Amino acid sequence: MTAIDLRDSADGSGTTGSGIEIRNLSTGYGGVAVVRELDMVVRPGEVVALLGPNGAGKTTTLLTISGLLKPLEGGISIDGVDVDTKYPYKNARLGLAHVAEDRSLFFQLSVEENLKLGLRGRGAAQKDGLEQALEMLPALKDLLDRRAGLLSGGEQQMLAMARALASQPKFLLVDEMSLGLAPIIVERLLPIVRDVAKTGTGVLIVEQHVHMALEVVDRAYVMNRGSISMDGSAAELKKNQDLLLASYMGGDELD
10 MTAIDLRDSA
20 DGSGTTGSGI
30 EIRNLSTGYG
40 GVAVVRELDM
50 VVRPGEVVAL
60 LGPNGAGKTT
70 TLLTISGLLK
80 PLEGGISIDG
90 VDVDTKYPYK
100 NARLGLAHVA
110 EDRSLFFQLS
120 VEENLKLGLR
130 GRGAAQKDGL
140 EQALEMLPAL
150 KDLLDRRAGL
160 LSGGEQQMLA
170 MARALASQPK
180 FLLVDEMSLG
190 LAPIIVERLL
200 PIVRDVAKTG
210 TGVLIVEQHV
220 HMALEVVDRA
230 YVMNRGSISM
240 DGSAAELKKN
250 QDLLLASYMG
260 GDELD
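In structure tokens form, the structure reads like this:
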């Protein structure tokens, strides 16, 4: 399928500079490519969505950006530095934080203890990170002593987000924020990524609620069968909903 590009010149794609840059990426499992020839960019202060049906390769892409999967071909850089796949923790030092699909919380620990696991630096830096995370997600302030396993699904998702934000990341990856949550909860949580971007953090989200996502992102890429089938600004994609649906569903006749 030929990718449909609705981008205008304002998105900065294709230029070298600060941000996450993905170049001709092929990646997968056991030497088999799930994602093929992927080009993508996320700049500081913008929110980008990665959309597509189940099995399209979205989570695989995020795992590769984080360095948890080694590319089969191509490369990924963060502010011009290649992602480290041998020692993935080094990518956090580049300012990358990843909210995984399963949230990866420690259920026996309190909210505060989970948050402290995300802190970087020492002294004032840690204090600033914790305060900023709680300012972004103030509902957690009254839950600091509660065990993470006793939180509701929405509260657990907020905690996973807050723990990532406590590291004061330059770039944030969020995989399926809405997973297992009621739409009304999703409507409350998704705008948080917009607030995060206002601080200068670049955000890449994988989201199944397409129309909700397009209300908060700047741009979006649509994946199907491991490749980008369509991309453009949120406004452009909303104007071309029929084309978006065809691309999302893997239609072959796209004019």
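Numbers in the numbering used here are just positions in the sequence shown, counted from 1, shifted up by 9. Ideal Cβ positions, reconstructed from N, Cα and C, are used throughout, including at glycine. Keep in mind it's a predicted model, so treat the numbers as computed, not measured.
Thinking C-alpha only, which one of G37, A106, G211 is nearest P80?
G37
So, are the CB atoms of G61 and M221 less than 8 angstroms apart?
no
Report buried or exposed for Q250, applying the criterion of at least 16 other Cβ atoms within 10 angstroms of its Cβ.
exposed
Alpha-carbon to alpha-carbon, T69 and L118:
29 angstroms
Check T94 in the structure and name its three-state DSSP category.
coil
Per DSSP, cross-strand counterpart(s) of S35:
Partner(s): E82.
Pick helix, strand or coil for A175, following the three-state DSSP scheme.
coil
For H220, the first and last residue of its enclosing alpha helix (DSSP H):
219-222
Do the CB positions of E55 and R228 come within less than 8 angstroms of each other?
Against a cut-off of 8 angstroms, the Cβ pair of R228 and E55 comes out as a contact.
S238 burial status per 10 Å Cβ neighbour count (16 or more: buried)
buried
Give a yes or no on whether the C-beta atoms belonging to G235 and V43 are separated by under 8 angstroms.
yes
Looking at the structure shown, is G138 part of a helix, part of a strand, or coil, going by DSSP?
helix
At least one CB of chain C closer than 8 angstroms to the CB of I193: is that the case?
The chain labelled as chain C is not found in the depicted structure, where only one protein chain is given.
Between L168 and M186, is the Cβ-Cβ spacing less than 8 angstroms?
Against a cut-off of 8 angstroms, the Cβ pair of M186 and L168 comes out as no contact.
Would you say V226 and A58 are within 8 angstroms of each other, going by their C-beta atoms?
If you check the CB distance, V226 and A58 come in under 8 angstroms.
From T208, D111, P178, D137, pick the residue whose C-alpha is nearest to that of G163; which is it?
D111
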